[in-house]
Amino acid sequence: MTEKDYFILPMTSNNNMTNMFRPSFRNFFIFFIIYIIGFSFLVVYLEQSKWDNTERTLNNLAKTVKEQNELIEQIYQFNDKLINDVNSKKKTINKNSPIIFAVTPTFARPVQKAELTRLAQAFLQVPNFHWIVVEDTATRTNLVTNFLWESGLNYQHLNVITPSNYKLGINDPHWKKPRGVAQRNAALDWLRNNYNTSTNGVVYFADDDNTYSIKLFKEMEKIKVVGVWPVGLVGGLMVERPICDNTTNKVIGFNSVWKPERSFPLDMAGFAVNLKILLEKKIQYFLFEPSLGIKNQNFLSSWLHGINWNHWLIAVQKFMFGTQELNFHHYAMNNV
Numbered sequence: 022m023t024e025k026d027y028f029i030l031p032m033t034s035n036n037n038m039t040n041m042f043r044p045s046f047r048n049f050f051i052f053f054i055i056y057i058i059g060f061s062f063l064v065v066y067l068e069q070s071k072w073d074n075t076e077r078t079l080n081n082l083a084k085t086v087k088e089q090n091e092l093i094e095q096i097y098q099f100n101d102k103l104i105n106d107v108n109s110k111k112k113t114i115n116k117n118s119p120i121i122f123a124v125t126p127t128f129a130r131p132v133q134k135a136e137l138t139r140l141a142q143a144f145l146q147v148p149n150f151h152w153i154v155v156e157d158t159a160t161r162t163n164l165v166t167n168f169l170w171e172s173g174l175n176y177q178h179l180n181v182i183t184p185s186n187y188k189l190g191i192n193d194p195h196w197k198k199p200r201g202v203a204q205r206n207a208a209l210d211w212l213r214n215n216y217n218t219s220t221n222g223v224v225y226f227a228d229d230d231n232t233y234s235i236k237l238f239k240e241m242e243k244i245k246v247v248g249v250w251p252v253g254l255v256g257g258l259m260v261e262r263p264i265c266d267n268t269t270n271k272v273i274g275f276n277s278v279w280k281p282e283r284s285f286p287l288d289m290a291g292f293a294v295n296l297k298i299l300l301e302k303k304i305q306y307f308l309f310e311p312s313l314g315i316k317n318q319n320f321l322s323s324w325l326h327g328i329n330w331n332h333w334l335i336a337v338q339k340f341m342f343g344t345q346e347l348n349f350h351h352y353a354m355n356n357v
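So for the sequence shown, the working numbering puts the first residue at 22; every next one is plus one.
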């Protein structure tokens, strides 16, 4: 190999090497700056989004607090109004007016709460009122417990179950067996255990399948022994009612087509008695036998024992209001 066979590269200087890498460094630097700027914008954007979310949360919280404050203010206003209404109602109550004790047996069914609600709306307008609600159950139910708690009424919540041999079958007509007997007797026991003959009161058996006029309870205040009045839509009549002699102001009979031979042809909703009379007859209760809708006959006969018919007529007060009925039956609702 001769000297001509070799190609000798010239030696490069350091300056030439620097010039060779300079464009790459510049590009990297520019990329780095762009990356930093982009990252900074991303961080700012994310922080701004967080702040926007925080701001929205704070605004929503402020709105919620404002609404709650308004609601609290409304509650205070309602409470003040309620207190004023109660105080006003107390002022209108005559200290000599009797306590109206309404005894209501009730049992579980689809329309139970609706029926009780209808009664409560009427009873709330009656001053000096005490509602005795007795469930036909082994234990008190949450439905009735909560309903009474929220009703705004003075009440006593009891329960006693009807013996199985006196319960209606699914297809039995409502009149086949007595209803509410054990429950009414439980209410009578409660009255006897918690009140005495010095208490000025009137006891009314207000079944939950009826509708009641407010006027009825106003008239009850006058009862000294027993009071009777018309009942609408009962016993096959538009109105079942006592017949009164306007001259003597006494009851002389009853307009009733169902067993008119009964001593007291009255519907359960058609009478009320003075508490003192009930308490004096301590051993008297409603009876399971006989049935067929005449349980009130046994009850009335038992505590009016010894008072002859004429004296009883004198004792009964007349609340006729012409032909105006003050309460109504509506059995059809039980079939809902």
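Note that beta-carbon positions come from the ideal geometry of N, C-alpha and C, so glycine has one too.
Between ILE121 and PHE238 the beta-carbon gap is near 5 angstroms, inside 8 angstroms, which marks them as a contact. Here ILE153 is bridged, per DSSP, to VAL124 and GLN177. Rounded to whole angstroms, the Cβ separation of VAL154 and LEU169 is 6 angstroms, and the two are in contact under 8 angstroms.
Leaving aside the five residues that flank ALA159 on each side, the residues in its chain whose CB is nearer than 6 angstroms to its CB run, in chain order, ILE182.
Beta-bridge pairing by DSSP links ALA293 to TYR225 and GLY248. Here VAL147 carries a coil assignment [DSSP, helix/strand/coil]. Here ILE244 is buried: its Cβ has 16 or more other Cβ atoms, across all protein chains shown, within 10 Å. GLY291 is positioned such that its CB atom lies no closer than 8 angstroms to that of VAL246. Look at ASP288 here: in three-state DSSP terms it is coil, with no helix or strand label. Rounded to whole angstroms, the separation of the alpha carbons of HIS151 and VAL272 is 28 angstroms. Membership of GLU171 in the alpha helix (DSSP H) is indicated by the continuous run 163 to 172.
Restricting attention to VAL64, ASP230 and GLU68, the CA atom closest to the CA of THR138 is found in ASP230. With respect to the 8 angstroms criterion, LEU174 and LEU145 are classified as neighbours on the basis of their beta carbons. With fewer than 16 other Cβ atoms inside 10 Å of its own Cβ, PHE60 counts as exposed. Counted as a single uninterrupted DSSP element, the alpha helix (DSSP H) harbouring ASP210 occupies residues 202 to 215.
Taking C-beta atoms as the reference points, ILE235 and ALA143 count as a pair closer than 8 angstroms. When the beta-carbon positions are compared, TYR216 and MET241 stay at least 8 angstroms from each other. For ASP266, the three-state secondary structure derived from DSSP is strand. Beta-bridge partners assigned by DSSP to PHE275: PRO263. Remark: C-beta atoms of TYR306 and ASN163 do not approach each other more closely than 8 angstroms. For the pair LEU296 and GLY222, the CB atoms are nearer than the 8 angstroms cut-off.
Residue burial annotation: PRO263 is buried, with at least 16 other C-beta atoms found within 10 angstroms of its C-beta. Taking the CA atoms as reference points, PHE99 sits about 15 angstroms from GLN89. Around the beta carbon of GLN95, a 10 Å sphere encloses fewer than 16 other beta carbons of the protein chains shown; the residue is thus reported as exposed. Taking C-alpha positions only, TYR97 is separated from ASP228 by approximately 36 angstroms.
Here GLY253 carries a strand assignment [DSSP, helix/strand/coil].
Taking ALA141 as the centre and dropping the five residues before and after it, the same chain places the C-beta of SER172 closer than 6 angstroms to its C-beta, in chain order.
Here ILE182 carries a coil assignment [DSSP, helix/strand/coil]. With respect to ARG200, ASN180 sits apart: the two C-beta atoms are not nearer than 8 angstroms.
A straight-line Cα-Cα distance of about 25 angstroms links ASN80 and LEU63.
One thing to note: THR127 has its Cβ within 8 angstroms of the Cβ of VAL165.
Taking the Cα of VAL202 as reference, the smallest distance to any Cα among GLY190, SER219 and GLU156 is reached at GLU156.
Per DSSP, reduced to three states, the secondary structure at ASN192 is coil, with no helix or strand assignment.
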